[in-house]
Amino acid sequence: MTGKTVATINSTGRQAASFIRAASAVGWHVRAQIRNREGMVAEELAALPNVDLIEGDLEGPQRPALLNHLFAGAKIAFVNTVHWGDEVAIGRACADAAKRAGVAHYVYSSMPDHSTFGHDWKALPMWASKFAIENYVRQLGIPATFVYTGIYNNNFTSLPYPLFQMDLQPDGSFIWQAPFHPDDPLPWLDAEHDVGPALLQIFKMGPNHWKGQRVTLAFEKLTPLQCCARFERGVGRPVRYVHGPIAIKVQIPSGYREQLDILQETLGKNRAPYFGPDLEYPREGRSIWEGHRGIEEYAREAFPIEEYANGLRWMEEEGSATPSVAGSEFDDGESEADPRGSRPMTPAGRPMPMHVTGAYTPKSHPEGLDASFFVGSM
Numbered sequence: 001m002t003g004k005t006v007a008t009i010n011s012t013g014r015q016a017a018s019f020i021r022a023a024s025a026v027g028w029h030v031r032a033q034i035r036n037r038e039g040m041v042a043e044e045l046a047a048l049p050n051v052d053l054i055e056g057d058l059e060g061p062q063r064p065a066l067l068n069h070l071f072a073g074a075k076i077a078f079v080n081t082v083h084w085g086d087e088v089a090i091g092r093a094c095a096d097a098a099k100r101a102g103v104a105h106y107v108y109s110s111m112p113d114h115s116t117f118g119h120d121w122k123a124l125p126m127w128a129s130k131f132a133i134e135n136y137v138r139q140l141g142i143p144a145t146f147v148y149t150g151i152y153n154n155n156f157t158s159l160p161y162p163l164f165q166m167d168l169q170p171d172g173s174f175i176w177q178a179p180f181h182p183d184d185p186l187p188w189l190d191a192e193h194d195v196g197p198a199l200l201q202i203f204k205m206g207p208n209h210w211k212g213q214r215v216t217l218a219f220e221k222l223t224p225l226q227c228c229a230r231f232e233r234g235v236g237r238p239v240r241y242v243h244g245p246i247a248i249k250v251q252i253p254s255g256y257r258e259q260l261d262i263l264q265e266t267l268g269k270n271r272a273p274y275f276g277p278d279l280e281y282p283r284e285g286r287s288i289w290e291g292h293r294g295i296e297e298y299a300r301e302a303f304p305i306e307e308y309a310n311g312l313r314w315m316e317e318e319g320s321a322t323p324s325v326a327g328s329e330f331d332d333g334e335s336e337a338d339p340r341g342s343r344p345m346t347p348a349g350r351p352m353p354m355h356v357t358g359a360y361t362p363k364s365h366p367e368g369l370d371a372s373f374f375v376g377s378m
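Be aware that the sequence shown starts at 1, since it is given in full-length UniProt numbering, and climbs by one per residue.
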């Protein structure tokens, strides 16, 4: 499939950016829609070979022309809608444009609607919109595959964000408080590391193999207690799970509070399975991509650098078991002078290698406050 042209939207998001890095690396031509060119991820994507950024907002009157341009000549597409504007209208418009352009394999990042499972579970609103788009794509008859992503390892932060705050304690330990039952398994995914290679393999296997299927992108099945135990081994500090309500300590995006309230009821109180009762994981994800990064490896290798990019310095404390970035695979030995002038710095005082900057975008970035940051693929 060398030379294939692929279209993506919301291309600075974790899923799309991960895929674009992988597609660019194997020589595919990527036409990537972005809202604007501001931010570190947009700058990184602009510097990748074979990537054309198409700037424009999918909410306004320019949407039909923008999408026609985006999909023209593209035979494959990866579409992950988000809740900016009318998500369902945008999702339908993308599918319509892809069909007009003759896209031969359309991969849409969907999520379940728990109200459809017959257990009096409420639908999580930011997931139900994706499910509605999935149903529309099916009605159009496009050769399509639907990926369902697990909880991002990358959601964890010691910043006071709801649901996945790894709360740093005075004694140097961490506490994760969430409404998930301590013994209920959850699906986990390192979005930065694994979405791209997995999607690449799905596209290579082709639409006939995956036509109409729902594919789980989750590589570990861990209870909150198991997750904390692995995180503890990785970060080298005690990590304790507290089964409790979601703490809201910062201003959150419009509509996200309702999402959190229903998540707390449906997945917490009612203990509904994350993907619903039918989808299987992690065997399915591992059959597609065997090189996944688990939560322990993430906590050891990526979490401290993401935290450092957020302005935190706990990893520099005397006696910390967290490995230094200097001399690691993330330290490319470049001089401190960076002609681009905008790359983040490692704790060793060197520019972060361009091939990993997307994984360590500061969560204070405006897009880091989007709801898709907090849970899976909302």
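Beta carbons: idealized from backbone N, C-alpha and C, even for Gly.
All figures in this text were calculated on a predicted structure; none of them were measured in a lab.
Alpha carbon to alpha carbon, how far is residue j from residue i? Give it in angstroms, no decimals.
i: ASP171; j: VAL88; result: 46 angstroms
i: TRP188; j: GLY294; result: 8 angstroms
i: GLN139; j: ARG214; result: 15 angstroms
i: ALA337; j: GLY39; result: In this predicted model, ALA337 has a pLDDT of only 28, less than 50, meaning its place in the structure is not dependable; the value taken from the coordinates is given anyway. For ALA337 and GLY39, the distance between alpha carbons rounds to 20 angstroms.
i: GLY85; j: GLN169; result: 38 angstroms
i: ALA74; j: SER11; result: 16 angstroms
i: GLU334; j: HIS105; result: With a pLDDT of only 29 at GLU334, under the threshold of 50, the placement of this residue in the model should not be trusted; the figure read from the coordinates follows. Their backbone Cα atoms lie some 40 angstroms apart in a straight line.
i: GLN264; j: PHE164; result: 13 angstroms
i: PRO112; j: LEU53; result: 30 angstroms
i: residue 381; j: ALA101; result: For residue 381 there is no data in the structure shown, the boundaries of the chain being 1 and 378.
i: VAL137; j: ILE76; result: 14 angstroms
Strictly by DSSP, which residues pair up with residue i?
i: THR8; result: ALA32, PHE78
i: TRP127; result: Per DSSP, none; premise fails for TRP127.
i: MET166; result: TRP176
i: GLU192; result: DSSP, once it has assigned bridges, lists no residue as partnering GLU192.
i: SER109; result: VAL147
So which of the options has the shortest CA-CA distance to residue i?
i: PHE156; options: PHE174, ALA144, TRP127; result: PHE174
i: VAL51; options: ASN68, GLU59, LEU58, PHE19; result: PHE19
i: GLN251; options: ALA46, PRO162, MET315; result: PRO162
i: TRP210; options: ARG257, TYR108, THR223; result: TYR108
i: GLY4; options: ASN36, ARG35, PHE78; result: It should be noted that the sequence gives Lys, not Gly, for residue 4. Comparing Cα-Cα distances from LYS4 to each of ASN36, ARG35, PHE78, the minimum goes to PHE78.
i: PRO282; options: GLY268, THR149, GLU306, PHE180; result: THR149
i: PRO185; options: LEU267, GLU307, ARG14; result: LEU267
i: THR81; options: GLU134, LEU124, VAL195, ILE248; result: GLU134
i: ILE262; options: HIS69, TRP121, ARG14; result: TRP121
i: ALA128; options: GLU55, ALA198, GLY91; result: GLY91
i: PRO182; options: GLU59, PHE303, ALA229, ALA17; result: ALA229
i: LEU159; options: LYS249, LEU217, ILE76, LEU70; result: LYS249
i: HIS193; options: GLN177, ASN154, PRO179, THR216; result: ASN154
i: GLY110; options: ASP167, ASP57, VAL103, PRO125; result: According to the sequence provided, residue 110 is Ser. The question's Gly does not apply to it. The candidate whose alpha carbon is nearest that of SER110 is PRO125.
Flag residue i as yes if its beta-carbon sits less than 7 angstroms from any beta-carbon of chain B, otherwise no.
i: ALA77; result: Included in the structure is just one protein chain, with no chain B present.
Name the two residues that bound the continuous alpha helix (DSSP H) containing residue i.
i: ILE90; result: 87-101
i: residue 389; result: Since the first and last residues shown for the chain are 1 and 378, residue 389 lies out of range.
i: ARG283; result: 283-288
Touching by the beta-carbon criterion (3+ pairs, under 8 angstroms), the segment 54-63 and the segment 84-102:
yes
Spell out a yes or no on whether the segment 24-37 and the segment 113-133 are touching, meaning 3 or more CB-CB pairs, one atom from each, closer than 8 angstroms.
no
Take every Cβ of the segment 240-248, pair it with every Cβ of the segment 202-218, and state whether three or more of those distances are shorter than 8 angstroms.
no
With three or more beta-carbon pairs closer than 8 angstroms as the criterion, would you say the segment 287-306 touches the segment 129-147?
no
Quick one: any contact between the segment 216-226 and the segment 41-50, if contact means 3 or more CB pairs under 8 angstroms?
no
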